[in-house]
Amino acid sequence: MSWESLLLMMPYITVVLLMVIGLFTVLFKKNLIKIIMGITIMQNGANLFLVSLAYRSGEYAPIFTSAESTDMVMPTPHALTLTSIVIGLATTALMLSFTIMIKRHYGSINTEDVRRCKE
Amino acid sequence: MNFDIFVHSPAFILGIPLLFAFLTPLVNRLSEQLRNVVFGIGLVLTAFFVGLMSYQVLTEGSWLYVFGANQPEPQNLLSYFYFRITFVADSFAVLATITISITAVAAGIYSYGFMKDETGLNKFYTLFLLTLAGVNGMVLTGDLFNLFVWFEVTSVASCALVAFRNYRGRSVEAALKYMVLSTVGGLLVLFSIGLMYGQYGVLNYALLTQSISGTFIDKLALGLLVVIFAMKASSAPMHMWAPDAYSEAPGSVTPFIAITSLGSLFVLFRLLFGVIGVNVDPSVSGTLLIILGVLSMIVGVTMALVQTDLKRLIAYLSVSQVGYMMMAVGVGLATLNSADYQNFGTLAMKGGLFHMINDGVYKALLFLSAVAVVHVTDIRSLNKLGGLAHDMPYTTVFFLIGALSIAGIPPLSGFSSKLLIYQSVYLYSPVLAIVALVVSIITLAVVGKAFFNAFLGPDQGLAEKKVPSSMLFGMGLLTVVVIIFTLFPNLIVSEIVSPAVKALVGVMP
Numbered sequence: 001m002s003w004e005s006l007l008l009m010m011p012y013i014t015v016v017l018l019m020v021i022g023l024f025t026v027l028f029k030k031n032l033i034k035i036i037m038g039i040t041i042m043q044n045g046a047n048l049f050l051v052s053l054a055y056r057s058g059e060y061a062p063i064f065t066s067a068e069s070t071d072m073v074m075p076t077p078h079a080l081t082l083t084s085i086v087i088g089l090a091t092t093a094l095m096l097s098f099t100i101m102i103k104r105h106y107g108s109i110n111t112e113d114v115r116r117c118k119e
Numbered sequence: 001m002n003f004d005i006f007v008h009s010p011a012f013i014l015g016i017p018l019l020f021a022f023l024t025p026l027v028n029r030l031s032e033q034l035r036n037v038v039f040g041i042g043l044v045l046t047a048f049f050v051g052l053m054s055y056q057v058l059t060e061g062s063w064l065y066v067f068g069a070n071q072p073e074p075q076n077l078l079s080y081f082y083f084r085i086t087f088v089a090d091s092f093a094v095l096a097t098i099t100i101s102i103t104a105v106a107a108g109i110y111s112y113g114f115m116k117d118e119t120g121l122n123k124f125y126t127l128f129l130l131t132l133a134g135v136n137g138m139v140l141t142g143d144l145f146n147l148f149v150w151f152e153v154t155s156v157a158s159c160a161l162v163a164f165r166n167y168r169g170r171s172v173e174a175a176l177k178y179m180v181l182s183t184v185g186g187l188l189v190l191f192s193i194g195l196m197y198g199q200y201g202v203l204n205y206a207l208l209t210q211s212i213s214g215t216f217i218d219k220l221a222l223g224l225l226v227v228i229f230a231m232k233a234s235s236a237p238m239h240m241w242a243p244d245a246y247s248e249a250p251g252s253v254t255p256f257i258a259i260t261s262l263g264s265l266f267v268l269f270r271l272l273f274g275v276i277g278v279n280v281d282p283s284v285s286g287t288l289l290i291i292l293g294v295l296s297m298i299v300g301v302t303m304a305l306v307q308t309d310l311k312r313l314i315a316y317l318s319v320s321q322v323g324y325m326m327m328a329v330g331v332g333l334a335t336l337n338s339a340d341y342q343n344f345g346t347l348a349m350k351g352g353l354f355h356m357i358n359d360g361v362y363k364a365l366l367f368l369s370a371v372a373v374v375h376v377t378d379i380r381s382l383n384k385l386g387g388l389a390h391d392m393p394y395t396t397v398f399f400l401i402g403a404l405s406i407a408g409i410p411p412l413s414g415f416s417s418k419l420l421i422y423q424s425v426y427l428y429s430p431v432l433a434i435v436a437l438v439v440s441i442i443t444l445a446v447v448g449k450a451f452f453n454a455f456l457g458p459d460q461g462l463a464e465k466k467v468p469s470s471m472l473f474g475m476g477l478l479t480v481v482v483i484i485f486t487l488f489p490n491l492i493v494s495e496i497v498s499p500a501v502k503a504l505v506g507v508m509p
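Just so you know, the sequences run in chain order A and B. Sequential numbering from 1 applies to the first sequence in the working numbering. Sequential numbering from 1 applies to the second sequence in the working numbering.
Below is the structure:
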């Protein structure tokens, strides 16, 4: 594999790294804040994946300019990414507020202490 | 251009709950009674538009609703597909939205009495209507990106509903568990959407169906989607969030949370048939569905057997009921391309889909009557309950009807759909039919135990208050629907379920 193609693969390698790190954090960490951080890392991985899919070298951003419409990239992945970022903000905020309430009720944010449902 | 309200009904099914969701907190500033009225109007209007859509689909045939396009425009649809938001209004969506609306209206009316003593109710009604919009969007949407958006809307709103009584630690714990799973699931859905888009440049179901060629990346993406939606549908072995979320949510929304998982099951079937079925060998995914179904049936019912908490018991039963539908539809999917499909596959599909609408209704009835018991006595343990038939005669009858229906006792509605499943699954493999029968018998034992412990025996004076009339009305509504399904199973199967099977298996409009 040539150096250049490796460089072109870099975004995808980063995506895989981010997803794996995020998933590892979610699965194996005990601290609720760290779990939520892991989810955020996964979110960033998914967003980066969509943005790198959208990149076409030598083409223009889909903005109304004088460029030929055939030279523009499809705006769908960007719309996806923006939506996903907004949704990510909402879910992260909700999960963090749950964590605050769990800290109030249980006095701990360690998953091993937070298992009253099992009883 | 004349405005045809029938053709535009899919937009209203989403628009009305969204509008009323944000209207209720505003109206709440004026008066609380008015807010309740507005909430009720929102629910009933949504159900009304579901009725309009159903009428149009069942009389005129299905159509593809394209947002912002001149309606109807069947000729130039392909040019819209790349940019427009499309909704599929077909008989399968009709089946799903009818199930959702019946439960939503009943649970909404029930909430008036049940939630009376809670604070911050304006937010409760907002979240309720947002969840309704999310589930309806999930089952109606015609492209993967929209699916992701409605998936997340449903997740956020229903998790916040589970945690609504945030003065209880357990509610928040169950909600966080559900939320982490849903969010990770949502991200993997997004990732698989990226995989699809990267290959084909389209997200629309209909266009994807034409272009998917079954490469390794396709299988990866579709596998991810199947696992995530099976998880949301509370299928074993990914069911662990369900009993917690169902039993810790405020009682009146428990059936509604169960409906969100039923909605995910509808989406799973649509993805399996509409996007995957034609292109990837259906016998593999069908077998996978059968395995998941059998696992859910057995795990759900055996866990229900050992529960002493009334709400958790029904939650585990609901996991096992999901197994029936997955198994029946799995048989249909596994035989899709062979001659067996005509022999018994289509019957299995009918049984599975009929069981879905049945299950949505009687499970809601069972949950709501169990919640009425907990509401009146403030006791959840079956060991401490007893003799409630003396104090709450109506609730006893409602619980009995729901219990007999979930156990599949003839002539109740659960029996008619289970009979279709037994018949057809037996022809595929007798072992599956035997498992289904045994699970049904254990289900009867479980609900029998719950009924005897809670309602029969000498009067212990446990009921501290009367069941509010709005709660009785909500349960009564569901009972009427169960009785309708019991009396006219043939009519339901021929008018609603069979077209849904055809729409699911056939090509998209």
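From the three backbone atoms N, C-alpha and C, an ideal C-beta is built for every residue, glycine too.
Starting from residue i, trace the alpha helix (DSSP H) both ways and give me its first and last residue.
i, result
"A372 (chain B)", "T346 to T377"
"F3 (chain B)", "F3 (chain B) -> no alpha helix (DSSP H), and no H or E assigned at all."
"F48 (chain B)", "E32 to E60"
"Y167 (chain B)", "Unbroken run through Y167 (chain B): none, as it is neither H nor E."
"G414 (chain B)", "S413 to Y428"
"K502 (chain B)", "S498 to V505"
"Y125 (chain B)", "L121 to L140"
"F20 (chain B)", "S9 to N28"
"G274 (chain B)", "Careful: G274 (chain B) lies outside any alpha helix (DSSP H) and carries neither H nor E."
"H105 (chain A)", "T76 to Y106"
"G461 (chain B)", "Per DSSP, G461 (chain B) belongs to no alpha helix (DSSP H) and is neither H nor E."
"S405 (chain B)", "P393 to I406"
"F229 (chain B)", "F216 to K232"
"Q321 (chain B)", "L310 to A334"
"A46 (chain A)", "L32 to A54"
"G476 (chain B)", "S469 to L487"
From residue i to residue j, what distance separates their C-alpha atoms?
i, j, result
"I33 (chain A)", "V180 (chain B)", "11 Å"
"V439 (chain B)", "I421 (chain B)", "13 Å"
"Q199 (chain B)", "E60 (chain B)", "36 Å"
"F3 (chain B)", "S9 (chain B)", "11 Å"
"V493 (chain B)", "F354 (chain B)", "7 Å"
"L132 (chain B)", "S338 (chain B)", "38 Å"
"S261 (chain B)", "C159 (chain B)", "12 Å"
"I496 (chain B)", "L95 (chain B)", "7 Å"
"L366 (chain B)", "V435 (chain B)", "23 Å"
"N383 (chain B)", "D143 (chain B)", "49 Å"
"F473 (chain B)", "P430 (chain B)", "42 Å"
"A242 (chain B)", "E59 (chain A)", "48 Å"
"Q43 (chain A)", "I102 (chain B)", "36 Å"
"G414 (chain B)", "S498 (chain B)", "17 Å"
"M326 (chain B)", "F488 (chain B)", "24 Å"
"V189 (chain B)", "L52 (chain B)", "32 Å"
"S252 (chain B)", "M19 (chain A)", "38 Å"
Looking only at its own chain, which residues have a Cβ that is under 7 Å from the Cβ of residue i, when we skip the five neighbours before and after it?
i, result
"D90 (chain B)", "V57, S62, A503 and P509"
"P458 (chain B)", "G387"
"H78 (chain A)", "A54"
"I16 (chain B)", "G42, L45, T46 and F49"
"K465 (chain B)", "V376"
"T486 (chain B)", "P411, L412 and S413"
Report, in whole angstroms, the separation of the C-beta atoms of residue i and residue j, which I expect to be a contact under 8 Å.
i, j, result
"S216 (chain B)", "L268 (chain B)", "The amino acid at residue 216 (chain B) is misidentified as Ser; the sequence shows Phe. Going by Cβ atoms, the distance from F216 (chain B) to L268 (chain B) rounds to 22 Å, so no, they are not a contact pair."
"L203 (chain B)", "F145 (chain B)", "5 Å"
"I13 (chain B)", "T97 (chain B)", "7 Å"
"T443 (chain B)", "S320 (chain B)", "7 Å"
"I36 (chain A)", "M95 (chain A)", "5 Å"
"A233 (chain B)", "V322 (chain B)", "6 Å"
Could you spell out where the beta strand (DSSP E) holding residue i opens and where it closes?
i, result
"V284 (chain B)", "From DSSP, V284 (chain B) is part of no beta strand (DSSP E) but of the alpha helix (DSSP H) over P282 to L305."
"F87 (chain B)", "T86 to A89"
"V66 (chain B)", "W63 to V66"
Less than 8 Å between C-beta atoms, sequence neighbours within five positions excluded: which residues of the same chain meet that for residue i?
i, result
"I109 (chain A)", "N31, L32, I33, T99, I102 and K103"
"V467 (chain B)", "G113, A372, H375, V376, M392, Y394 and T395"
Using C-beta distances below 6 Å, list every residue in its chain close to residue i, excluding the 5 sequence neighbours before and after it, in chain order.
i, result
"L130 (chain B)", "A21 and A157"
"A236 (chain B)", "L295, S296 and V299"
"V172 (chain B)", "A163 and N166"
"G88 (chain A)", "Q43"
"Q460 (chain B)", "G386 and G387"
Can you confirm whether the segment 284-296 of chain B touches the segment 325-335 of chain B when touching is taken to mean that 3 or more C-beta pairs between the two stretches lie within less than 8 Å?
yes
Cβ pair count under 8 Å reaching 3, the segment 404-421 of chain B against the segment 343-361 of chain B:
yes
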